[in-house]
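A quick write-up on the structure given underneath.
Number of protein chains: 2
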Amino acid sequence: MDSLVRALKALADPIRLRIVEFLRHPQRSCCAREGVVCACDLEEYLGLTQPTISHHMKILVDAGLVQAAKHGRWVYYDLNRQAFASVVGALGHYQTGQLATRQADSATHQDHGGL
Amino acid sequence: MDSLVRALKALADPIRLRIVEFLRHPQRSCCAREGVVCACDLEEYLGLTQPTISHHMKILVDAGLVQAAKHGRWVYYDLNRQAFASVVGALGHYQTGQLATRQADSATHQDHGGL
DNA sequence: TAGACAGATAGACATTAATCGATCTTAGAG
DNA sequence: CTCTAAGATCGATTAATGTCTATCTGTCTA
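So the sequences go chain by chain: Z and Y.
According to the numbering used here, the first sequence is numbered sequentially starting from 483.
According to the numbering used here, the second sequence is numbered sequentially starting from 483.
In structure tokens form, the structure reads like this:
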């Protein structure tokens, strides 16, 4: 699957958007270090079961949007800002461009195929 | 549903990404006007049936990413660049920010709950 | 008004995706 | 080595999604 589609699919879910928002602004941490998030933090924050969290994190990691670093028994997650930049760059093409002249009218439109 | 999630869901599909790309660069047109795209153009371009095109266009329009203008029997579609700008703005938060100091190590990590 | 055509809607079907309980794997503690 | 805990994987279930055929609605034309 195209990497852009994969990234967009990964982001097109309210749970996973909450996850990336949490990764940007960790609100609690069982891990005694600022800016570090482990899966258990998300489990508590989201109120979902551990397999479900694991499922969502796999999707985000496979999409390249989140990096996972295993330390002993824990896995620390962090945003991959470069991947977000790629998505923003791809979608940015659609926010600018020729300011289309919106003055089409049906007078210019013949039947298709002409029959 | 949150408008950002709705927009991302709308974009998280290869067919719909092809549609918005087509709207940006129309490659043919049964409508005799540059920069104008009607549903029949997409039907030919994508090789899908008319109801399927209609379905995808409804999703894109409902998400605000595409504007539909009905002219007689035809519907002309155009990108809503402002909506794309909103998505880009929202995702842009994740491509920049504190350059997290990635030096966490398990030595700082006690068992959860402390028992 | 009747026919033709663009597009929307309805219903059916197949595929994908989200979620959970149960289990497995792996790593630190004792 | 054994126990415990974090996280991954498996299997099942349910919900959401994409696609089609058939049909309906609205508009233009003769």
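In this text, a Cβ means the ideal position worked out from N, Cα and C, and glycines have one as well.
In the DSSP assignment, ALA521(Z) forms no beta bridge with any residue. With respect to chain Y, the C-beta atom of LYS540(Z) has no partner C-beta closer than 8 Å. Taking all protein chains shown into account, ALA551(Y) has fewer than 16 neighbouring C-beta atoms within 10 Å of its C-beta and is therefore exposed.
Going by DSSP, HIS553(Z) is part of the beta strand (DSSP E) stretching over 548-553. In chain order, VAL519, VAL548, TYR559, ASP560, LEU561 place their CB closer than 8 Å to the CB of LEU505(Z), counting only its own chain and leaving out the 5 sequence neighbours on each side.
Rounded to whole angstroms, VAL570(Z) and GLN577(Z) show a C-alpha spacing of 10 Å. For ASP544(Z), there is no enclosing beta strand (DSSP E); the residue is found in the alpha helix (DSSP H) stretching over 532-544. Taking the Cα positions, ALA567(Z) is about 7 Å away from GLY574(Y).
The beta-carbon distance between MET539(Y) and ALA565(Y), rounded to whole angstroms, is 14 Å. This is too long to meet the 8 Å contact definition.
A Cβ-Cβ contact shorter than 8 Å links GLU525(Y) with GLN532(Y). The beta carbons of GLY546(Y) and ALA494(Y) sit about 15 Å from each other, so the pair does not count as a contact at 8 Å. Secondary structure at TYR527(Z): helix, using DSSP grouped into helix, strand and coil.
In this structure, ARG563(Z) is the residue among GLN509(Z), ARG563(Z), GLY529(Z) with its C-alpha nearest to the C-alpha of VAL543(Z).
Taking 8 Å as the upper bound on Cβ-Cβ separation, chain Y lies near residues TYR558, ASP560, LEU561, ARG563, GLN564, PHE566, ALA567, VAL569, VAL570, LEU573, GLY574, HIS575, TYR576, GLN577, THR578, GLY579, GLN580 of the stretch 557-581 of chain Z. Restricting attention to ASP484(Y), ILE497(Y), SER485(Y), VAL487(Y), the CA atom closest to the CA of SER536(Y) is found in ILE497(Y).
For LEU530(Z), the closest C-alpha among the options TRP556(Z), ILE501(Z), PRO508(Z), HIS553(Z) is that of ILE501(Z). Per DSSP, the continuous beta strand (DSSP E) segment holding ASP560(Z) begins and ends at 556-561. ALA494(Z): not part of any alpha helix (DSSP H); DSSP gives it neither H nor E.
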